[in-house]
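Take a look at the structure set out below.
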């Protein structure tokens, strides 16, 4: 390892080569092989270039779980990304032989940063790059920091429930995973279900709504409008094939807009108990009907209520 590596040389390297350099620097530091080289500074430089390479990569490949349709999350809570198509295909083939069915989706350009923005909404903060090769774990926020809502009125902050989304992904991914030790899997599902129910009880949901009024009042500076006498609130309703009707609820605007046009439908922010009240004359509630969907019917309402009583939530 030479004392100096020029910025031009680093900029010419591939992602996999930069990952190798980070590994090498870590090993040399642990072995104290180059005491006269400032390896911490060297690693910082390598990582800085690596982050820029990832941000500006023409194409990366993200592992999606075929059962959920969402990014696959490993046991260490990491999403998998690959810098080359061959690496992605090798991983897909290897894990298919372990009965883990993944789909590698290419992302690039604007879609790359949109994907990292989606990771914020999904509550997924860690990314493993190039699993199966020289690999490295990076923080999502190094590529795309979280939005800063300091000073923004609460009503203007988009509703999101990243902890709930993450809990639902982990629960349903495990539920559909290849079966192993049934007892251990059952225990894991119980833990993941408890995490998911905790988040459901704390969450704020978007419920599609339209206001019917002949002479609507203008919105104030905070975006609030006063409804006049005679205004009618109409909530969205989903119809199932069996004729049953359900109240749709969404964890965030990304899920909302999979179903409803927000230029036509507004939303009401509702707690779990609000959902039960509004859906009183319906079959129940469906959370994220076009995503990882969770039906809260009479049976699940009883299960959640029993959990709430047990935990004193």
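Residue numbers (full-length UniProt numbering): 1 to 313.
C-beta atoms are modelled at their ideal positions from N, C-alpha and C, and glycine is treated no differently.
Asked                                                                                                                           : Found
Paired residues, beta bridge with residue 68 - DSSP                                                                             : Partner(s): none; residue 68 has no beta bridge.
Simplified DSSP state of residue 147, which is helix, strand or coil                                                            : coil
Distance CB(residue 285)-CB(residue 275) smaller than 8 angstroms                                                               : yes
Residue 131 to residue 79 span [Cα, whole Å]                                                                                    : 10 angstroms
Local Cβ density within 10 Å of residue 149, reported as buried at 16 or more and exposed below that                            : exposed
Opening and closing residue of the beta strand (DSSP E) in which residue 210 lies                                               : 205-212
Bridge partner(s) assigned by DSSP for residue 245                                                                              : 239
Whether residue 126 touches residue 65 by CB criterion (8 angstroms)                                                            : no
Sequence-distant residues of the same chain with beta carbon closer than 8 angstroms to residue 46, five excluded per side      : 10, 18, 21, 22 and 25
Assigned secondary structure, residue 306 (DSSP; H/G/I helix, E/B strand, else coil)                                            : helix
The stretch 151-169 / the stretch 234-241 touching (three or more Cβ pairs under 8 angstroms)                                   : no
For residue 78, the residue or residues it bridges with in DSSP                                                                 : 126
Residues bridged to residue 88 [DSSP beta-bridge criterion]                                                                     : Answer by DSSP bridge pairing: none, since residue 88 is not bridged.
Exposed unless 16 or more other CB atoms sit within 10 angstroms - verdict on residue 191                                       : exposed
Cβ pair count under 8 angstroms reaching 3, the stretch 241-256 against the stretch 177-187                                     : no
Per DSSP, the bridge partner or partners of residue 138                                                                         : 127
Distance CB(residue 91)-CB(residue 63) smaller than 8 angstroms                                                                 : yes
Test item: CB-CB of residue 119 and residue 73 under 8 angstroms                                                                : no
Local conformation of residue 106 per DSSP, three classes                                                                       : strand
Sheet register partners of residue 46 (DSSP bridge)                                                                             : Answer is none; residue 46 lacks a bridge partner.
Close-in-space but distant-in-sequence residues of the same chain around residue 163 (CB under 7 angstroms, 5 per side omitted) : 123 and 199
Extent of the continuous beta strand (DSSP E) to which residue 294 belongs                                                      : 294-296
Which residues DSSP lists as bridging residue 63, in chain order                                                                : 104
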